[in-house]
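Quick note on numbering: the sequence shown equals residues 1 to 568 in full-length UniProt numbering. Quick reminder that beta carbons are idealized off the backbone N, C-alpha and C, glycines included. Heads up: the structure comes next, in structure tokens.
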Amino acid sequence: MGLKNMSLIAGFLGFFFLQGLLVCTAYNVHHYSFIVKNTFFERLCSNKTMLTVNDSFPGPTILVHKGDRAYVNVHNEASYGVTIHWHGVKQPRNPWSDGPENITQCPIKPGKNFTYEVIFSDEEGTLWWHAHSDWTRATVHGAIVILPEVKTTYPFPKPVAEQVLILGEWFKGDVKEIIDNATVTGSDPKLSDAYTINGQPGFPNNCSNDTSYKLTVEYGKTYLLRLVSAVMNEEMFFGIAKHNFTVVAHDGAYIKPITTSYIMITPGQTMDILVTANQSPSHYYIATTPFSDSYAAFDSTNTSAILQYTGNYTLPSSIPYPTLPNVTDQNAADNFTTRIRSLASAEHPINVPKNITTRIFIAVSVNQILCANASCGGLGGNSRLAASLNNISFVTPSIDILQAYYRSLTGVFGSDFPNQPPYVFNFTGDVGNNTLYPSQGTKARLINYGEAVEIVFQGTNVGNAENHPLHLHGFSFYLVGTGYGNFNATSSPSTYNLNDPPEVNTFGVPKNGWATIRFFANNPGVWFMHCHLERHASWGMETVLIVKNGTTAETSILPPPANLPTCS
Numbered sequence: 001m002g003l004k005n006m007s008l009i010a011g012f013l014g015f016f017f018l019q020g021l022l023v024c025t026a027y028n029v030h031h032y033s034f035i036v037k038n039t040f041f042e043r044l045c046s047n048k049t050m051l052t053v054n055d056s057f058p059g060p061t062i063l064v065h066k067g068d069r070a071y072v073n074v075h076n077e078a079s080y081g082v083t084i085h086w087h088g089v090k091q092p093r094n095p096w097s098d099g100p101e102n103i104t105q106c107p108i109k110p111g112k113n114f115t116y117e118v119i120f121s122d123e124e125g126t127l128w129w130h131a132h133s134d135w136t137r138a139t140v141h142g143a144i145v146i147l148p149e150v151k152t153t154y155p156f157p158k159p160v161a162e163q164v165l166i167l168g169e170w171f172k173g174d175v176k177e178i179i180d181n182a183t184v185t186g187s188d189p190k191l192s193d194a195y196t197i198n199g200q201p202g203f204p205n206n207c208s209n210d211t212s213y214k215l216t217v218e219y220g221k222t223y224l225l226r227l228v229s230a231v232m233n234e235e236m237f238f239g240i241a242k243h244n245f246t247v248v249a250h251d252g253a254y255i256k257p258i259t260t261s262y263i264m265i266t267p268g269q270t271m272d273i274l275v276t277a278n279q280s281p282s283h284y285y286i287a288t289t290p291f292s293d294s295y296a297a298f299d300s301t302n303t304s305a306i307l308q309y310t311g312n313y314t315l316p317s318s319i320p321y322p323t324l325p326n327v328t329d330q331n332a333a334d335n336f337t338t339r340i341r342s343l344a345s346a347e348h349p350i351n352v353p354k355n356i357t358t359r360i361f362i363a364v365s366v367n368q369i370l371c372a373n374a375s376c377g378g379l380g381g382n383s384r385l386a387a388s389l390n391n392i393s394f395v396t397p398s399i400d401i402l403q404a405y406y407r408s409l410t411g412v413f414g415s416d417f418p419n420q421p422p423y424v425f426n427f428t429g430d431v432g433n434n435t436l437y438p439s440q441g442t443k444a445r446l447i448n449y450g451e452a453v454e455i456v457f458q459g460t461n462v463g464n465a466e467n468h469p470l471h472l473h474g475f476s477f478y479l480v481g482t483g484y485g486n487f488n489a490t491s492s493p494s495t496y497n498l499n500d501p502p503e504v505n506t507f508g509v510p511k512n513g514w515a516t517i518r519f520f521a522n523n524p525g526v527w528f529m530h531c532h533l534e535r536h537a538s539w540g541m542e543t544v545l546i547v548k549n550g551t552t553a554e555t556s557i558l559p560p561p562a563n564l565p566t567c568s
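Dropping the structure here:
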């Protein structure tokens, strides 16, 4: 968890494109070595071996300045293939190092290695990296800290210290076996047994009180907490007993400060939080609890760490615990998320597309797929659980889509992902069974370079309605609007925020509601889009956006690296 990179080479001169403009910048180069291997752990009164990077859970932190570059050599000592994704890093013109398995690369085989070139551009704040092969990200993940450019500083008073806090999930069983079994049977994967903060379940979980993560603070000082949600399948409330805090960044971009006693964070999101140690010196619990707005089963446990003041004092008989919203409190979740606005200052400007040239409407659903001879473990044994975008449940190919696109290989994917659902229905009302069963396919949507894109995501009441945290690789984009009910093309856009919408890489489509994003298609490549609730991604709530090359070499995909993993 320390903020130390292995080596640094300064003095490179680089070029990258930002919102259509060629930018020249000097950048530093960092080198990391990731060893993916099984490591022994004890948690919750039991033990297991699980896949990690460099024997740590969470894994090591990557530390760079804005605009730097990192080369990460990943050595796979596991018994199966693995890839790594750099969540929220745009990777301009470089989809080859983006990481999703069989989308932009085939997996790194056991005993092999591959060096990722991670190109940072305008990101600043906290992002994260994680495995992107089945459910391996449950244990293979870590933070990315992107400091301001050299000789610049934060848009807030500099804190006395910084600390990464990673929220995760702990499974007593083998995670790969859990998802493999669910895939075979078509049933819901087994729930996790606990949540974690920096790898520890903490109070009130069994055999966890003495190993709680402890964050030491000094009275009167202000600290920057870099919060990452690596949780697999639940959104989370987070708070610190008797301490308000100020959220200053979200998904690697600064926001207008929000002072609050709690936040709601979805899987895949990151938030930067300023907290001042202004209470009587003592111990205070840092806690996180799930937020659930669906009928699906979920891990209802809590996890905690301890905010520990320095100095001499008598510990209370009972350490204060934060008061967090009820697990089903939709209003509390909305009351936080609707406050998020881009900083939109002269030093940190935004550029929201106003004249839209490409419009896409995507219905988001949880579905079922019928099984022959009642052979599945889904509902009643007659069907398997599934999910879809525009009623297409994504099928992952055996050859990665990027190579197929770059080399004009046929038969790997179709370029006919639709601009709208196959038919319009009352998305959030009585949907009936006629929308329950999706088609299956490997579909992509091609977009011309430079297009101003608007995508409306419509949550549906098909299957089990709930909030869906969606993530698009290769871009940060503006979340210009959200609402409940069916999107209305006439009235809903009047509610858009085009002045200071949050610039994000992961966002929630409200339960039985809609969300609209906008971005410029200025990053050529093959970019994955999927739900970050891992069970929904496993069921097919995914698709691919392909931004075609521009008219020059500088607006085209970079050539592939020489040592790209093979697909055989």
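Close beta carbons around residue i, own chain, < 7 Å, minus the five adjacent residues each side
i: residue 457; result: 362, 364, 470, 509, 514 and 515
i: residue 371; result: 186, 382, 383 and 384
i: residue 150; result: 65
i: residue 279; result: 242 and 243
i: residue 154; result: 148
i: residue 74; result: 34, 36, 84, 108, 113, 114 and 116
Proximal residues to residue i (C-beta, below 6 Å), its chain only, five neighbours per side dropped
i: residue 448; result: 548
i: residue 21; result: With a pLDDT of only 38 at residue 21, under 50, the local geometry of the prediction cannot be trusted, and the value read off the model is given with reservation. Excluding sequence neighbours, residue 21 sits near nothing in its chain.
i: residue 396; result: 102
i: residue 134; result: 179
i: residue 419; result: 360
i: residue 98; result: 91, 104 and 473
i: residue 453; result: 358, 519 and 521
Below-9 Å beta-carbon distance, residue i vs any chain C residue
i: residue 26; result: Looking for chain C here will not work: only one protein chain is present.
Residue i versus residue j: straight-line alpha-carbon distance, rounded
i: residue 29; j: residue 268; result: 26 Å
i: residue 306; j: residue 215; result: 6 Å
i: residue 536; j: residue 368; result: 12 Å
i: residue 439; j: residue 468; result: 20 Å
i: residue 520; j: residue 41; result: 45 Å
i: residue 480; j: residue 219; result: 40 Å
i: residue 357; j: residue 518; result: 11 Å
i: residue 463; j: residue 433; result: 9 Å
i: residue 315; j: residue 283; result: 7 Å
i: residue 270; j: residue 287; result: 16 Å
i: residue 27; j: residue 125; result: 17 Å
i: residue 95; j: residue 525; result: 6 Å
i: residue 296; j: residue 557; result: 41 Å
i: residue 301; j: residue 555; result: 48 Å
i: residue 319; j: residue 304; result: 11 Å
i: residue 455; j: residue 236; result: 26 Å
i: residue 12; j: residue 560; result: With a pLDDT of only 48 at residue 12, under the threshold of 50, the placement of this residue in the model should not be trusted, and no figure is reported.
i: residue 290; j: residue 127; result: 21 Å
i: residue 421; j: residue 174; result: 37 Å
Neighbourhood of residue i by C-beta, 8 Å cutoff - its chain only, sequence neighbours within 5 removed
i: residue 123; result: 66, 88, 89, 90, 146, 252, 253 and 476
i: residue 416; result: 443
i: residue 140; result: 36, 51, 52, 53, 59, 82, 84, 130 and 131
Distance cut-off 8 Å: residue i Cβ against heavy atoms of the ligand MN
i: residue 145; result: Inclusion of the ligand MN in the displayed structure is not the case, the ligand content being empty and no account of it being possible.
Expected contact under 8 Å - CB spacing of residue i and residue j to nearest Å
i: residue 392; j: residue 441; result: 5 Å
i: residue 328; j: residue 292; result: 6 Å
i: residue 478; j: residue 352; result: 5 Å
i: residue 183; j: residue 538; result: 7 Å
i: residue 542; j: residue 233; result: Incorrect: roughly 16 Å between the Cβ atoms, too far for contact.
i: residue 55; j: residue 191; result: Actually they are not in contact, since the Cβ atoms of residue 55 and residue 191 sit about 27 Å apart, beyond 8 Å.
i: residue 266; j: residue 31; result: Rounded, the Cβ-Cβ distance is 32 Å, inconsistent with contact.
i: residue 350; j: residue 503; result: 6 Å
i: residue 245; j: residue 274; result: 6 Å
i: residue 156; j: residue 248; result: 5 Å
request  = Report yes or no: do the region 216 to 225 and the region 153 to 163 share at least 3 C-beta pairs separated by less than 8 Å?
outcome  = yes
Do the region 408 to 426 and the region 335 to 344 touch if we need at least three Cβ pairs shorter than 8 Å? no
| said: Under 8 Å: do the region 204 to 217 and the region 78 to 95 share three or more Cβ pairs, one atom per stretch? | reply: no
- So does the region 547 to 563 actually touch the region 490 to 500, counting three or more Cβ pairs closer than 8 Å? no
For the region 422 to 429 and the region 317 to 334, state whether three or more C-beta atom pairs, one from each stretch, are separated by less than 8 Å. no
Q: Give, in chain order, every unbroken run of the beta strand (DSSP E) that is at least 3 residues long and sits entirely within the region 386 to 450.
A: 392 to 394, 439 to 441 and 444 to 447
- Length at least 3, wholly inside the region 250 to 296: the beta strand (DSSP E) runs in chain order: 253 to 260, 263 to 265, 270 to 276 and 283 to 291
For the region 490 to 541, which segments carrying the alpha helix (DSSP H) assignment without a break, of at least 4 residues, lie completely within its bounds, in sequence order? 534 to 539
Does the region 260 to 274 come into contact with the region 190 to 203, if we say contact requires no fewer than three beta-carbon pairs (one atom in each stretch) closer than 8 Å? no
Kindly provide the ranges of any beta strand (DSSP E) runs that are 3 or more residues long and lie completely inside the UniProt domain "Plastocyanin-like" (39 to 149), ordered along the chain. 46 to 53, 62 to 65, 69 to 76, 84 to 87, 113 to 119, 125 to 131 and 141 to 147
In chain order, each alpha helix (DSSP H) run of at least 4 residues that lies wholly inside the region 148 to 230: 175 to 185
Subject >> Ranges of the alpha helix (DSSP H) found wholly within the region 326 to 355, counting only runs of at least 4 >> reply: 330 to 337
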